[in-house]
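Protein chains in written order, with our numbering: chain A, 1 to 100; chain B, 1001 to 1270.
Think of the CB as a built atom: it goes at the ideal place given N, C-alpha and C, for glycine as much as any other residue.
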Amino acid sequence: MIGHVQGGWEFIWAAYFLSWAGIAFFGASLVPAGPLQMATRELICGAMLVLTGFVVAALSSSTGAPFIDRTALTVVTIGAGLALLGHCGVQVAQHRRKEK
Amino acid sequence: MRHWLLTLDDTTRWLLWSPLLLLALVLALTGLHIFDAASRKWVWKVLLFIGVTMLIAQSVLGLWWVPPEHYMGDVYRIIYMHVPQVWMALIGMTINFGCSVLFLFKKSWVTDSLAEASASVGVYFGAVGITLGAIWAKPTWGAYWTWDPRLTTAAIMLVIYTGYLALRRFVEDPEKRATWSAVMGIIAYVDIPVLWFSVKWWRSIHQVQSSPKTVDALMTMVLRWSATTFLCLFVVFLYHRYRQAQATREREVAAPEALPATISGPVTSP
């Protein structure tokens, strides 16, 4: 170890939020559900990930983390959240189309 | 007086605990069959409740209760999420290996389904664990990823077991799928001991496994709490994934235990 690490709460929050979202989503995916229930789960997990992205962005700018680090963490978490939200939207649209 | 377990070296402790842990898991899974379907539902709900409650407590303990580490400061708190999830991945792969060997000795849909479930849950925990490791690596090593022996073998594990799950999707014949994936499960497991001992065998940027002898008692306690939390969630996930796999087998063949006596015989379709 060369030196002492200072701060780094954006990394800690990113790790914890990712774990919570992962457990919620993987756990929920194991319970049999219809497309709308799955979409609700994706909505919750996606929103959680997007929120993580914003928390990480806010924390990293306040702690003065390098630009590339906070961009990478923010883009990955918000991107994963948006992907889930997008998939949720597709699920709901498909379900509505079938109903019609 | 020191506990006799603390006097053993890490390798011996690992070799001692692994079979015991596996035995406990198998007993937990099979023991639940003594309950009827309605009671079993409650058992899993209670286990899930315990897991989630412990996870909330674990997060509070890991984020605020334990003191910061001397060199890494607060960032080391990721350990309470990263390490137990990687352990769960290794347990998943070990169960997969055990079931694969068992399947080749005695054909059964139970071991085949359990092998599929354990690989699936193991890949999930492995993927999250490795991602958290990368997040932790940035502030401590200065890079998200480096082709160090430990990280490389972890990446190989993830790729191999994702391939294992892909193989299960590609092969339609359940009998061939079960045999081929059992063989692949055994071959894939070669990576796991290499992954575990890589930090001792080669010069690695990844630290060697800590032991309770060198870690503060509070940190050890919270790490053990975290491990128990994830073990609880692992068992719940494994069981539900196993049930899904068994339901798929039931759709594919006439009965879950209807694998013919000779593997060369055709599987009877419903």
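DSSP assignment within the stretch 1078 to 1151 of chain B yields the following whole alpha helix (DSSP H) runs of 4 residues or more, N-terminal first: 1079 to 1105, 1109 to 1141.
Going by beta carbons, A:I44 and A:A24 fall inside the 8 Å limit. Under DSSP, A:E10 shares a beta bridge with no residue. Relative to B:Y1242, the option among B:A1057, B:H1070, B:V1083, B:C1099 whose CA is nearest is B:C1099. Contacts between B:R1077 and chain A, judged by CB atoms closer than 7 Å, involve I12 in chain order.
In the DSSP annotation of this structure, the continuous segment of the alpha helix (DSSP H) that includes B:P1193 starts and ends at 1191 to 1201. By the neighbour-count criterion, in which 16 or more other beta carbons inside 10 Å mark a residue as buried, A:Q94 falls on the exposed side.
Between the C-alpha atoms of B:I1050 and A:K100 there is a straight-line separation of about 43 Å. Neighbours of B:L1233 across chain A, judged by C-beta separation under 7 Å: I23. Inter-residue distance for B:I1186 and B:I1056 is about 36 Å (C-alpha atoms, whole angstroms). Note that the stretch 1083 to 1094 of chain B touches the stretch 1226 to 1236 of chain B; at least 3 beta-carbon pairs, one per stretch, sit closer than 8 Å. Secondary structure at B:E1172: coil, using DSSP grouped into helix, strand and coil.
Counting the other CB atoms within 10 Å of its CB gives B:F1234 a total of 16 or more, which places it among the buried residues. In this structure, B:V1208 keeps its C-beta atom at 8 Å or more from the C-beta atom of B:V1215.
Rounded to whole angstroms, B:A1182 and B:R1251 show a C-alpha spacing of 21 Å. Proximity of B:G1073 to chain A, defined by a Cβ-Cβ separation below 8 Å, is satisfied. For B:S1226, the uninterrupted alpha helix (DSSP H) run begins and ends at 1217 to 1252, by DSSP. At a C-beta separation below 7 Å, A:G27 has these neighbours in chain B: F1237. A:A80 is outside the set of residues whose beta carbon lies under 8 Å from a beta carbon in chain B. Of all C-beta pairs linking the stretch 1123 to 1139 of chain B to the stretch 1155 to 1169 of chain B, three or more are shorter than 8 Å, placing the two stretches in contact. Of all alpha-carbon atoms in B:C1232, B:M1219, B:A1247, the one lying nearest the alpha-carbon of B:H1070 is that of B:M1219. When beta bridges are read from the DSSP output, B:G1073 appears opposite B:E1069. Assignment of A:V76 by DSSP, reduced to helix, strand and coil, places it in the helix class.
Around the CB of A:R96, fewer than 16 other CB atoms lie within 10 Å, so the residue is classed as exposed. Three or more beta-carbon pairs separated by less than 8 Å are not found between the stretch 38 to 53 of chain A and the stretch 1102 to 1120 of chain B, which leaves the two stretches without contact. When the Cα atoms are used, A:A28 and A:I12 turn out to be separated by approximately 24 Å.
Rounded to the nearest whole angstrom, the C-alpha separation of B:K1138 and B:E1116 is 33 Å. Contacts with chain B at 8 Å (Cβ-Cβ) include A:A15. The beta carbons of B:W1044 and B:V1222 sit about 26 Å from each other, so the pair does not count as a contact at 8 Å.
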